[in-house]
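This is the structure we're talking about:
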């Protein structure tokens, strides 16, 4: 039986909600555009590592930090009461019920090496639910976007996930941890999974991988170890394109496991990944 709203609960005005979502989308698109321009035009020729995180190969560059500062500054000027959760340290609660979940450079190692598969990922949550997602991939010339309940788009064109093939013909995306012990466990999962599918791709940007599921360039994507800023925007875009997202059976996408795929393929992959132990080291 669906939950019923208490008669004394405040009523939500659909027009106000739609206007809020429009505002959040416009802000996210402009913030992502500005950050993308900064990252392309401002990238120094001698770009180096500014810091490391989970291991010596999990890197942060000065441009990650500059991009997050630009994004939070731009949004904060327009919505000063909102909260933030950013990969490079932005963390405030806010008082408006809106929180921005930001990855200023998703695919930092690609960016560091001059590879094109990196993105800016910005999501807006309302009362804990992701309602807007934008992933800008400047080197692709593409910007993916979604608003809860309105579908998903790439450069203004509606996108849809690819119809599910048999598992043996499925092209899967994945990614790997920067911690050696976890990488070894992930390699064992991949060793068993690879003979059962068409092939595996490792792009290096979780946000782009989720958008590739959304627009049919991948049949599915899975990864262990994603943080909220890695998946918030991309997962909404995938769902609004008709894909399912989740984690272990009965659980949402989370740090232990994230999976995105068409419903039919999702139903096959979720128990298989669970059986293979893709959710633990």
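In this note's numbering, the protein residues as written are 41 to 321.
Yeah, the Cβ is synthetic: ideal placement off N, Cα and C, and Gly gets one too.
Remember, it's a predicted structure, so these values are computed and weren't measured experimentally.
On a Cα-Cα basis, can you pick out the residue from the options that is closest to residue i?
| i | options | result |
| --- | --- | --- |
| residue 254 | 165, 167, 213, 122 | 213 |
| residue 297 | 64, 277, 226, 273 | 226 |
| residue 71 | 53, 95, 107 | 107 |
| residue 215 | 308, 244, 201 | 244 |
| residue 95 | 181, 287, 217, 86 | 217 |
| residue 246 | 273, 305, 93, 230 | 273 |
| residue 121 | 129, 87, 144, 166 | 166 |
| residue 191 | 275, 67, 128, 146 | 275 |
| residue 269 | 127, 172, 256 | 127 |
| residue 89 | 157, 150, 289 | 150 |
| residue 176 | 160, 168, 188, 80 | 160 |
| residue 300 | 119, 248, 315, 316 | 248 |
| residue 321 | 221, 164, 302, 234 | 221 |
| residue 154 | 83, 306, 211, 68 | 83 |
| residue 289 | 156, 207, 308, 195 | 308 |
| residue 282 | 291, 158, 306 | 306 |
| residue 319 | 229, 277, 240 | 229 |
| residue 93 | 237, 291, 219 | 219 |
| residue 291 | 302, 314, 278, 61 | 314 |
| residue 194 | 233, 278, 87 | 278 |
| residue 116 | 85, 73, 64 | 64 |
| residue 267 | 224, 197, 146, 62 | 146 |
| residue 169 | 158, 53, 61 | 61 |
| residue 114 | 73, 234, 85, 157 | 73 |
| residue 310 | 233, 239, 238, 252 | 233 |
| residue 54 | 158, 197, 189 | 189 |
| residue 57 | 187, 198, 239, 156 | 187 |
By the DSSP assignment, the alpha helix (DSSP H) with residue i in it spans what residues?
| i | result |
| --- | --- |
| residue 149 | 148-153 |
| residue 231 | 220-233 |
| residue 286 | Run containing residue 286: none in the alpha helix (DSSP H); it sits in the beta strand (DSSP E), 284-286. |
| residue 74 | 54-81 |
| residue 253 | 246-254 |
Starting from residue i, follow the beta strand (DSSP E) in both directions and report where the run begins and ends.
| i | result |
| --- | --- |
| residue 274 | No beta strand (DSSP E) holds residue 274; the alpha helix (DSSP H) holding it covers 268-280. |
| residue 126 | 123-126 |
| residue 114 | Unbroken run through residue 114 is the alpha helix (DSSP H), 102-118; no beta strand (DSSP E). |
| residue 301 | 298-301 |
| residue 212 | 211-213 |
| residue 183 | 182-187 |
| residue 172 | 169-177 |
| residue 216 | First-last for residue 216: undefined, no H or E at that position. |
| residue 157 | Where residue 157 is concerned, there is no enclosing beta strand (DSSP E), given that its DSSP letter is neither H nor E. |
| residue 89 | 89-92 |
| residue 198 | 197-199 |
| residue 239 | 239-241 |
| residue 293 | Taken as a continuous stretch (DSSP letters only), residue 293 belongs to no beta strand (DSSP E), as it is neither H nor E. |
| residue 85 | Per DSSP, residue 85 belongs to no beta strand (DSSP E) and is neither H nor E. |
| residue 192 | 192-194 |
| residue 260 | 260-263 |
Please decide whether residue i counts as near chain B, where near means a Cβ-Cβ distance under 8 Å.
| i | result |
| --- | --- |
| residue 313 | This model lacks chain B altogether, as it is built from one protein chain only. |
Please tell me whether residue i and residue j are closer than 8 Å, where the distance is taken between their beta carbons.
| i | j | result |
| --- | --- | --- |
| residue 293 | residue 312 | no |
| residue 78 | residue 125 | no |
| residue 148 | residue 104 | yes |
| residue 112 | residue 123 | no |
| residue 183 | residue 152 | no |
| residue 256 | residue 200 | yes |
| residue 144 | residue 91 | no |
| residue 317 | residue 295 | no |
| residue 259 | residue 202 | yes |
| residue 141 | residue 119 | no |
| residue 68 | residue 164 | yes |
| residue 284 | residue 241 | no |
| residue 178 | residue 80 | yes |
List the whole-angstrom C-beta distance separating residue i from residue j, where the pair is believed to meet the contact cut-off of C-beta under 8 Å.
| i | j | result |
| --- | --- | --- |
| residue 262 | residue 250 | Not confirmed; about 11 Å, so no contact. |
| residue 23 | residue 162 | Only positions 41 to 321 of the chain appear in the structure, and residue 23 is not among them; the question remains open. |
| residue 304 | residue 204 | 4 Å |
| residue 208 | residue 185 | Rounded, the Cβ-Cβ distance is 33 Å, inconsistent with contact. |
Does at least one heavy atom of the ligand NAP sit under 7 Å from the Cβ of residue i?
| i | result |
| --- | --- |
| residue 313 | Annotation note on the ligand NAP: not contained in the displayed structure, which lists no ligands. |
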